[in-house]
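Enquirer:
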Amino acid sequence: MMMMVLFQVKCVFVTDGFIDDSAERDFIVQERSHYNDMELQPLQGGREFGLRFLKQIKWAMAKFDFQYILRIDDDYFLCLKTLLSEIQVRPKENLVWGNFHCEANVAWVDESFMIFTQDIIVKFLSQNESTMLCHPHAGQQIGLWLNDIPTKLFKHDSRLYHGQPASFSSKFDNIKNVCDSYLGVHGTYEEKMRYFGQNSNDKNRSKAHRLPDFSTFCKTTTFDYRVIHPPFYFEPKLCKDNPRWVLERGMYVGRQNDQ
């Protein structure tokens with residue numbers, strides 16, 4: 001997670017704090033103490049990405065006075081200098097910036113990379129707590145919340161790579177100047193992350209990339225969970241009940257071993 005005020009940036013790793021394995025828990029606590037860049041949230045793990053997001057934005061609003069907030073997966077290579085140079089010309093209100101899905105006449109932002117202006121976060125947290133709905137997938141949960149914000153301004157960025165993990169994709173073999181073509185690359189693991197960092201050409205850009213009107217990408221800005229198919233279909237539940245949809249628990253390990 002990243003909070004931004006023009007050129008001031010605060011980056012924080014956020015992970016689940018209820019860890020059953022004592023050795024793993026001790027390792028996380030030691031790393032947190034050493035680097036001071038990690039926050040532990042009161043969750044045990046599993047498919048509860050929506051609740052994670054809710055707790056993260058509550059924490060961010062309590063700690064920081066930010067203009068923008070970026071929620072990003074830890075396997076996402078980010079062209080940070082490019083982003084900071086471009087964000088100066090992006091909308092200061094109502095912004096939802098990311099890589100969107102547009103299917104079955106609904107639209108929702110991919111939760112691996114999402115930028116919001118502060119007013120959107122305020123509107124999220126201003127919902128009635130007795131009726132606020134959560135979903136195991138944060139992108140769908142946010143889609144539901146955004147249905148009630150008519151002023152929202154969606155920005156779809158095709159420079160955000162989503163597909164086969166980049167570390168397993170031949171299209172990224174020996175690529176140079178990755179930030180000339182991409183703003184961020186999902187599915188980037190340790191070795192490839194180092195390679196991208198050494199071959200990024202990430203820099204302040206004199207001209208911001210033009211993000212076209214959202215209607216050129218998708219004809220709708222609404223979301224309806226009922227059109228989603230398994231295994232991603234779940235009915236929303238009240239956030240106040242700390243709902244559970246599936247029984248598995250434990251840290252989500254991602255796609256690194258799916259090659």
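For the sequence shown, position 2 matches number 2 in full-length UniProt numbering, and the numbering has no gaps at all.
Using N, Cα and C, we set each Cβ at its ideal position, and we do this for glycine too.
This one's a predicted model, so the numbers in the text were calculated from it and none came from an experiment.
1. To which residues of the same chain is A208 closer than 6 Å at the C-beta, ignoring the five residues directly before and after it?
2. Looking at C-beta atoms only, is the number of pairs between the stretch 149-169 and the stretch 92-112 that lie closer than 8 Å three or more?
3. Counting only the same chain and skipping the five closest in sequence on each side, list residues whose C-beta sits under 6 Å from that of F217.
4. Counting pairs of Cβ atoms below 8 Å between the stretch 157-175 and the stretch 223-231, do you hit three or more?
5. Let me know the secondary structure DSSP gives H101 once reduced to three states.
6. Which residue wins for smallest C-alpha separation from G187, given the options R32, D73, W59 and M4?
7. Decide if the stretch 60-74 is in contact with the stretch 112-119; the criterion is three or more beta carbon pairs, one per stretch, under 8 Å apart.
8. For C79, does the count of other Cβ atoms within 10 angstroms reach 16, so buried, or fall short, so exposed?
9. What residue range is occupied by the uninterrupted beta strand (DSSP E) comprising D26?
10. Do you know how far the Cα of D241 is from the Cα of C134?
11. Would N105 be called buried (16 or more neighbouring beta carbons within 10 Å of its own) or exposed?
12. E39 bridges to which residues according to DSSP?
13. Please classify S200: is it buried, with 16 or more other beta-carbons within 10 angstroms of its beta-carbon, or exposed?
14. Check S167 in the structure and name its three-state DSSP category.
15. Could you spell out where the beta strand (DSSP E) holding A107 opens and where it closes?
Expert: On the basis of the data shown:
1. Here the set comprises E86 and V89.
2. yes
3. H156
4. no
5. strand
6. With distances taken between Cα atoms, G187 lies closest to D73.
7. Segments in contact, yes.
8. buried
9. Taken as a continuous stretch (DSSP letters only), D26 belongs to no beta strand (DSSP E), being part of the alpha helix (DSSP H) at S22 to Y35.
10. Taking the straight line from one Cα to the other gives about 10 Å.
11. N105 is exposed by the Cβ-count criterion.
12. V14
13. buried
14. Three-state result, S167: helix.
15. Going by DSSP, A107 is part of the beta strand (DSSP E) stretching over V106 to T117.
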